[in-house]
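In the working numbering, the protein residues as written are 44 to 123.
Structure representation (structure tokens):
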């Protein structure tokens with residue numbers, strides 16, 4: 044699974060776990076992930092692996108989402 048697909052899966056999971064769409068959008072934007080109006084990934088700024096690491100750091104604001112994101116990353120064999 045490529046980093047963009049992982050980021051998309053984390054976004055989907057975040058939307059299922061939290062009703063705070065604006066907060067989710069802000070965290071992803073701060074991490075370098077541009078979302079379109081439908082809360083889908085439209086662009087990733089720079090190296091996708093670096094963006095994924097930054098996203099994981101920024102998800103500390105939403106503990107439940109971060110735990111789920113770690114599980115997604117481990118499932119594909121990436122260690123961040």
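From the three backbone atoms N, C-alpha and C, an ideal C-beta is built for every residue, glycine too.
Closest residue to residue i among the options (Cα-Cα distance)
i, options, result
"residue 52", "74, 83, 89 and 122", "83"
"residue 70", "80, 100 and 45", "100"
"residue 57", "49, 67 and 48", "67"
"residue 50", "77, 107 and 81", "77"
Three-state class that DSSP yields for residue i in the structure shown
i, result
"residue 119", "coil"
"residue 86", "strand"
"residue 4", "For the chain, the structure presents residues 44 to 123; residue 4 sits outside this window and is missing."
"residue 45", "coil"
"residue 92", "helix"
"residue 99", "helix"
Residue i classed as buried or exposed, judged by whether at least 16 other C-beta atoms fall within 10 angstroms
i, result
"residue 109", "buried"
"residue 102", "buried"
"residue 123", "exposed"
"residue 94", "buried"
Bridge partners - residue i, DSSP secondary structure assignment
i, result
"residue 77", "86"
8 Å Cβ cutoff, residue i in contact with chain C
i, result
"residue 82", "The structure shown contains no chain C, having only a single protein chain."
Contact between the segment 70–81 and the segment 112–119 is defined here as three or more beta-carbon pairs at a separation below 8 Å; is this criterion met?
no
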